[in-house]
Structure formats: C-alpha cells, structure tokens
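Residue numbers (my numbering): 656 to 701. We treat Cβ as the ideally placed atom computed from N, Cα and C, and that holds for glycine. Nothing here was measured: the structure is a model prediction, and the numbers come from that model. Written out below as structure tokens is the structure these notes cover.
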C-alpha cells in the first residue's frame with residue numbers, strides 16, 4: 656500500500672484486504688523460495 660511505502664493504492668475503507676493479499680503473496684513466494692528444488696523435482700518426476 657502506498658502509505659506503507661508500496662505501489663498499491665488502498666481501497667476506500669478497506670486497508671485490511673490489500674494488506675492481506677500482499678502478505679499472502681509474500682508468504683507464498685517465500686515458501687517457494689525455501690522449497691524450490693523439492694517442488695520442481697516433484698513436478699519433473701510426476
């Protein structure tokens with residue numbers, strides 16, 4: 656969100672929703688970064 660130094664505008668009266676989306680995407684990317692090799696190996700084997 657812009658007010659937190661990000662690039663997204665907040666929705667009027669709904670600052671929790673954009674933060675939740677950004678936080679969830681961040682956690683998903685962090686999970687992938689930590690488990691990349693295992694995830695891609697499973698895909699190749701499958």
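Rounded to the nearest angstrom, the Cβ distance from residue 656 to residue 682 is 17 Å, too far for a contact under 8 Å. In the displayed model, residue 661 falls within coil according to three-state DSSP, outside both helix and strand.
Note on geometry: alpha-carbon atoms of residue 658 and residue 685 lie some 23 Å from one another.
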